[in-house]
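Asks: Attaching a single structure in structure tokens format; questions to follow.
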Amino acid sequence: LLSEDGSLGVTIFEEMTTLAMQTGAINLGQGFPDEDGPEEMKAAAQEAITAGANQYAPGKGILELREAVSAHQERFYGLRPDPLNEVVVTTGATEAIAASLLAFIQPGDEVLTFEPFYDSYGAIIGLAGGVHVTAPLLAPGFMPDLDRLEAAFGPRTKVVMLNNPHNPAGAVFPRPVLERIVELAEKHDALIVSDEVYEHLTFGVPHIPVATLPGAADRTITISSAGKTFSFTGWKIGWLSGPEHLVAAIRTVKQFLSYSSGTPFQAAVARGLALPDDFYTGIAATLQRKRDILADGLRAAGLGVYLPQGTYFINVDTAPLGISDAVELARRLPGLVGVAAIPVPVFCHPEGAERTRSLLRFAFCKKEDVLVEAASRLATLR
Ligand code: GLN
38 LLSEDGSLGV TIFEEMTTLA MQTGAINLGQ GFPDEDGPEE MKAAAQEAIT
88 AGANQYAPGK GILELREAVS AHQERFYGLR PDPLNEVVVT TGATEAIAAS
138 LLAFIQPGDE VLTFEPFYDS YGAIIGLAGG VHVTAPLLAP GFMPDLDRLE
188 AAFGPRTKVV MLNNPHNPAG AVFPRPVLER IVELAEKHDA LIVSDEVYEH
238 LTFGVPHIPV ATLPGAADRT ITISSAGKTF SFTGWKIGWL SGPEHLVAAI
288 RTVKQFLSYS SGTPFQAAVA RGLALPDDFY TGIAATLQRK RDILADGLRA
338 AGLGVYLPQG TYFINVDTAP LGISDAVELA RRLPGLVGVA AIPVPVFCHP
388 EGAERTRSLL RFAFCKKEDV LVEAASRLAT LR
């Protein structure tokens, strides 16, 4: 991610989406759905604009959305963050991640992430002057190696940056793994920043917010986003919750990143968070069907498929096709067969990049016929 001179380059998502547009390829690279979310949420945004909700929202977010975030957490997880001072609305989960890490990290502090790691973690740790330490997730299940995890903690560990369900690996961490993470965070007095943007996108396994574990709530910030749950990635509405003293520090930083976030979209997201349970089970069921269609197609194309338990990403091993360098393949793939994907090594430091060298990530949040067509194009790689 960081170029060799330490400067921040163009993100892999931008690079691959540009390439897909230039070549007319099917874009299974950057994760965004090709169908919009609920009509009633679009109507709610339009109504809010018409009603004049067009000036700055409060820095914390509109009260209606903070209350909706809290009620949603109570309904699904039994948590009830105080909407007045334990919830903040952000400009996407991206800003929640940035504001949290910038609030907690002093130069030289260590931040532990699981590798492969979502690209913005590495960039923000770098901007904050932190030291980025990683613990590997190992194929085929992409669960943490618990010995390596313990060894990655040390006296300078300030934050564990958790991502569950995990992008790009598609893993959903079970309770014992989360318990071990909390135990280690307690032992080393580290904070937990938990990016749970795919909380509702799991397939037959429960999502367990780390903040629900004994001992975790006091040291955990939980992050989510309307982009994933409601398929409105362009609205850039996210939120975070946690104990008041941590949330206050993050809010201080947020003031100087964006000050506040898109007012009319906040009202619409509040409406979405109140949708009945069957909306939430419906999105997971629809995505599971898409996952299975793409997985079948990728297997038929001769790729080694790692079936994800969550998110909308599938990782494949290209080694069975005799390909060893996924980065090089991803750059050629749109021109070669008309499909764009993301190489997994870009989410890694050098050792992890070596371990994931032949892995590609495909997004399956697309119409079923698009997934079938993409798989049949990939079959020509053989
Ligand atoms: N989160 C999306 C992905 O992983 C992309 C978001 C972005 O482009 N920054 O593909």
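According to UniProt numbering, the sequence shown is numbered sequentially starting from 38. Beta carbons: idealized from backbone N, C-alpha and C, even for Gly. Given the structure is predicted, the values throughout are model-derived calculations rather than measurements.
1) Using a Cβ-Cβ cutoff of less than 6 Å, which residues in the same chain neighbour V230 once the five nearest sequence positions on both sides are dropped?
2) Would you identify the three-state DSSP class for L39, choosing helix, strand or coil?
3) Going by beta carbon distance, what residues of the same chain come within less than 8 Å of L39, once the five residues before and after it are set aside?
4) Over what stretch of residues does the beta strand (DSSP E) that includes D232 continue unbroken?
5) In the DSSP output, which residue or residues are listed as bridge partners for V170?
6) List the DSSP bridge partners of T194.
7) Considering only the alpha carbon of each residue, which of E72, M180, F190 and G178 lies closest to H169?
8) Using a threshold of 7 Å, state whether the C-beta atoms of A85 and A307 are closer than that.
9) Could you check if Q59 is buried or exposed, using at least 16 other CB atoms within 10 Å of its CB as the buried criterion?
10) Considering only the alpha carbon of each residue, which of Y93, F154, N91 and A135 lies closest to A286?
11) With a CB to CB cut of under 8 Å and the five nearest residues on each side skipped, what residues in its chain are close to E111?
12) Using the C-alpha atoms, what's the distance from G339 back to S107?
13) In or out: Y296 buried (at least 16 other Cβ within 10 Å) or exposed?
14) Just curious, the alpha helix (DSSP H) that S157 is in, first and last residue?
15) Report yes or no: do the stretch 273-289 and the stretch 354-370 share at least 3 C-beta pairs separated by less than 8 Å?
16) Which of helix, strand or coil does DSSP assign to Y296?
Replies: Result, derived from the coordinates:
1) S137, V196, M198 and I258
2) Unreliable placement is indicated for L39, whose pLDDT of 46 sits below 50; the coordinate value is still reported in the next sentence. Residue state, collapsed to three classes: strand.
3) Low confidence applies here, because L39 scores a pLDDT of 46, under 50, leaving its location unreliable and the question unanswered by this model.
4) L228 to D232
5) L149
6) E147
7) F190
8) no
9) exposed
10) A135
11) R117
12) 46 Å
13) exposed
14) D156 to L164
15) no
16) coil
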